[in-house]
Amino acid sequence: MYFWEVEKTYEIEVFVQYILASGTVHLMNEYCAHTVEGRFIPHGYQNYGSFNSILEEQKDELDHDTVVISLVLGNTIAEDIIHLLEHFIDEDLRREIKQQYNKDQLPPSYSQIGMETTDMMDGNSRNELIMGPLAGSFDAAMKNPDFKNVLNEFLDTFKSFNQ
495 MYFWEVEKTY
505 EIEVFVQYIL
515 ASGTVHLMNE
525 YCAHTVEGRF
535 IPHGYQNYGS
545 FNSILEEQKD
555 ELDHDTVVIS
565 LVLGNTIAED
575 IIHLLEHFID
585 EDLRREIKQQ
595 YNKDQLPPSY
605 SQIGMETTDM
615 MDGNSRNELI
625 MGPLAGSFDA
635 AMKNPDFKNV
645 LNEFLDTFKS
655 FNQ
């Protein structure tokens, strides 16, 4: 919506929700979300539980390379998001977050920190890899009868912006 400078529509919302909840894009997004969260909470409280759950659910569908690419791409996007959020989450807010964890008195567990990666992609590689899952998700959505009509409307709208 921001990129094309268009208003939010039901069609765009459905398309985005479908893409974000499907296949490797969902895996990448979940890893990205946990990585961003992990940057702003105390060490030892990182939790990649829902990412691991998705990984377990899709283990028969995903090969090792796809998982690694999802991790690296998720981490790359997370770094961009973290960079933006650091302007809003100042030291005072970080201190409040740490104090809340101390009040909750949950013992830290450092086992999940091993899920984090420092591997990142350059801008061109990232853009190419983002387009693959998006195109795959779009193709899958077009084959899904429930979404075909909505996505056809989206395509018509998209085509009108390119004219």
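Numbered continuously in my numbering, the sequence shown closes out at residue 657. No residue lacks a Cβ here, since even glycine has one placed at the ideal position from N, Cα and C. Just so it is clear, the structure is predicted and the values come from calculations on it, not from any experiment.
Whole angstroms is fine: what's the gap from L521's alpha carbon to I548's?
Position 27 of the sequence shown, counting from 1, holds the residue named residue 521. Position 54 of the sequence shown, counting from 1, holds the residue named residue 548. Those two C-alpha atoms are separated by around 7 Å.
Whole angstroms is fine: what's the gap from D557's alpha carbon to I506's?
Reading the sequence shown from its first residue, position 63 is the one you call residue 557. Reading the sequence shown from its first residue, position 12 is the one you call residue 506. Those two C-alpha atoms are separated by around 30 Å.
Which residue wins for smallest C-alpha separation from K553, given the options V500, T518, M636?
The residue given as residue 553 occupies position 59 in the sequence shown. The shortest C-alpha separation from K553 is found at T518.
With 16 other CB atoms within 10 Å as the buried threshold, where does V530 fall?
In the sequence shown, counting from the first residue as 1, residue 530 sits at position 36. Per the 10 Å Cβ criterion, buried.
Would you decide whether Y504 is buried or exposed? Buried here means 16 or more other CB atoms lie within 10 Å of its CB.
Translated into the one-based positions of the sequence shown, residue 504 becomes position 10. It counts as exposed.
Please check the pair Y595 and S564, which I expect to be a contact at CB under 8 Å, by giving their CB distance rounded to whole angstroms.
Taking the sequence shown and counting its residues from 1, one reaches residue 595 at position 101. Taking the sequence shown and counting its residues from 1, one reaches residue 564 at position 70. Contact flag wrong, Cβ pair sits at about 28 Å.
Can you tell me the Cα-Cα spacing of L600 and H577, whole angstroms?
By 1-based counting over the sequence shown, the position of residue 600 is 106. By 1-based counting over the sequence shown, the position of residue 577 is 83. Spanning the two alpha carbons is a distance of roughly 28 Å.
Out of A527, A629, H537, state which residue places its alpha-carbon closest to the alpha-carbon of D574.
The sequence position of residue 574 within the sequence shown is 80, counting from 1. Of the listed residues, the one whose Cα sits closest to D574 is A527.
Tell me where the alpha helix (DSSP H) around D586 begins and ends.
Against the sequence shown, residue 586 aligns to sequence position 92. Looking at the DSSP string, the run of the alpha helix (DSSP H) that includes D586 is 585-598.
Which two residues bound the contiguous alpha helix (DSSP H) that contains V561?
Along the sequence shown, one-based indexing puts residue 561 at 67. From DSSP, the alpha helix (DSSP H) with V561 extends over 558-579.
Less than 7 Å between the beta carbons of K502 and P536, yes or no?
Working through the sequence shown from its first residue, we reach residue 502 at position 8. Working through the sequence shown from its first residue, we reach residue 536 at position 42. In this structure, P536 does not lie closer than 7 Å to K502 by Cβ.
Do you know offhand how far L567's Cα is from R588's?
In the sequence shown, counting from the first residue as 1, residue 567 sits at position 73. In the sequence shown, counting from the first residue as 1, residue 588 sits at position 94. For L567 and R588, the distance between alpha carbons rounds to 26 Å.
Who are the near neighbours of S603 in its chain, counting only those whose CB is closer than 7 Å to its CB and skipping five residues on each side?
The residue you call residue 603 lines up with position 109 of the sequence shown. Result list for S603: G538, in chain order.
Could you work out which residue in R533, E551, D616 is closest to T570 when comparing CA atoms only?
What you label residue 570 is simply residue 76 of the sequence shown in a count that begins at 1. Nearest option by C-alpha distance: D616.
I'd like the span of the alpha helix (DSSP H) that includes E550, first residue to last.
If you number the sequence shown from 1, residue 550 lands on position 56. Segment 543-551, the alpha helix (DSSP H) holding E550.
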